[in-house]
Each structure stands twice: as structure tokens, then as C-alpha cells.
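This report refers to the structure that appears directly beneath it.
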Amino acid sequence: MSVVFHINNQKKGAGQAPVLTVAECLDLVEGLIQFGFDETDEDFALEEFYASPLSRFECLVVGIDGQSGRGFEIGYEEEEKAYNVRVNTPAAAADWRLAITFMQALARKLGSPIIKEDGVSFTAENITAFDYEHDITYGIEVFCKQALESGSSIIFGVFRPVYIDRNLAQELLNSSDRLTRFEELVHRTQYTDAYSANQQFYINREDDSIIGNYTLTQELPTILPYQPYVEYDNQEMLGEREVSQWLLTLVCYEDEDDPESYYALGEMDYDSFIQKLDPEKYSFLDGGYIVVSGLSKEEMAGFLE
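Going by numbering that gives the first Met the number 0, the sequence shown opens with residue 0, and the numbers climb by one from there.
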């Protein structure tokens, strides 16, 4: 679910003005960045990326680090000769405010109105009157009811998913201020100091089954799923194959600052780790993920006994 707006490109002579580059789009709002591509990747062509026209990409997820919860998408439709701005439902209020600021700047630059997908037209001046709180409220109700019926629902933030289970869904629906409670939830999940552990998969050569694995490192506060599942980014890779077992690798070190001193202390069944984990050693980040406090080498060894 989402709300989409279109802003026609500026005409130039008998044709259209050149499509704005990624850099030109981001420069429309101070502090605006993209979240979809890893700019620290050594193979990432940074200068080429920012000099590329927006039309080169299907869309870019943009926002401001520290403010955006889900961000918003920008793109360019060649057939319509128009820029589009998509805000997912539900988004945080901060996402809507940034999207509106971006649309105002783009509309003024192009001298074009802002057209909502249903045909309703706004100017750069009156787009601020758009009732985005209604869209947020509607989205919260839809996703919470889905969680109550199926057990969970997931929305995607700028850095990581937000997992809503039945308990969290009921809490949101019972809140006297759903919008604020939802925004707090999204912001907390995206901006935690804990390390977000990555899923890894490998094939068991004995029976060709798929093993899922997470890593927990000594003294490092880490985000882990309470009950592991194949996350969205890995679903296409695995296809219809199911994970036969989830494991957790415990990593320790002799010297935190010396990468060569890190070693695998051992591995264990993931569910067994969760069952043995002292409740005082973790807290729930959302309805499906926990933040495990930094464990000492001795504490880690205790899990393997």
C-alpha cells in the first residue's frame, strides 16, 4: 500500500528538460540521502551514480539519516515524462513531512503542479494541507489487523524490518495516540546502537539441506530474531527451499582491536540459545527481534556446556 504523486517534467523547446541527476534530486532538500545502495562497497561507482539521471533507476529510497523511518521513493516515468514520489502506507509522520518538503522543492523547480494518483491536484503551497495522518492511521489499522489474524506483519524501514506480532499490534490499536506510538516504534527499530546480525545460509553436504546461521560476537550488543525466519532479502535466493535448521555461531577474541585474534568458540542450535538466554540479557526491539546485551567470553562458554 502506498500513496503516489506525480510532477511533470519541465518543457524545454519542443521537448522536455533533461531528467535531473541523482545529485540534483538529493540537493533539493538539505541532508537528503539515498538508502538503497551501499556506498561503502569498494565496487560502487560513487561519482557515476550521483551523476546519473534519476530515470536510470526504477526508484530510489531517500530520506534523512536520524529522522526517516521508512523514507520515501522517488523515480522518473519516461512514458509520462514525470517524476513520481511514493510514500508507503503506513509511513512515519517524519517521512511524510520530508516527502512533502521534497515535492514542494521539485514542483517549484519545475513550475509544475503536484498530482496525486487519483487526479487531485496540489500546488507547492497547498500540498501541506494534504491529510497524511489519515493515511498513517489507516495503514496502522490494516497492518495490525493482519498481525492479529495471521500472527505477524512486517513493514520495511530505511535500515531494517519492523516486525509486528499480535501483542504489539494490540498495543498499537489500544494506544490513545497511535501515530506517535507507531513513529516511536519505527524510529527505535531503525536507530539502535546495537549491531544488526546478518543471516547466512549454507548447504549441508550430507543431506543437501539448507542451514541458516547467525553470529553473536563477544561483548557486542546484537539484534537477533527471537524466532528466525528467512528475511525478505534472502527469499528469492532460497526460492521454495526451506531451512532445515537454524544455528548460532559464538565468536570470541583475545584482543578486541586485533582481527586476527577472533575465533569461533562454537556453534549451537538457535532455539536452544534463546531458551537458555537470561531474560535480563535481552530486550525486545519490536514484536520479533531482540537486542542481546554484550555477553562475556565466560557467559558464551556457558551456553555450550
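In this text, a Cβ means the ideal position worked out from N, Cα and C, and glycines have one as well. Model, not experiment: these values are computed from the prediction.
Distances from the alpha-carbon of Tyr137 to those of Glu41, Leu171 and Phe302 put Leu171 closest. In the DSSP assignment, Thr248 falls within the unbroken beta strand (DSSP E) covering Val242 to Tyr252. Beta-carbon to beta-carbon, Phe71 and Gly62 are separated by about 7 angstroms, close enough to satisfy the 8 angstroms threshold. By the CB criterion at 8 angstroms, Val2 and Val86 fall inside the cutoff.
Checking the DSSP bridge columns, you'll see Glu182 has no partner listed. Trp95 and Tyr201 have their C-alpha atoms some 40 angstroms from each other. Secondary structure at Asn83: strand, using DSSP grouped into helix, strand and coil.
Relative to Val21, the option among Ser292, Lys11, Ile163 and Glu46 whose CA is nearest is Glu46. Here Leu223 is near Tyr288, since their CB atoms are less than 8 angstroms apart. Straight-line measurement puts the Cα of Val18 at about 21 angstroms from the Cα of Glu116.
In the displayed model, Asn197 falls within coil according to three-state DSSP, outside both helix and strand. Here DSSP, grouped into helix, strand and coil, assigns Gly70 to coil. Distances from the alpha-carbon of Ser111 to those of Glu41, Phe302, Gln198 and Gln15 put Gln15 closest.
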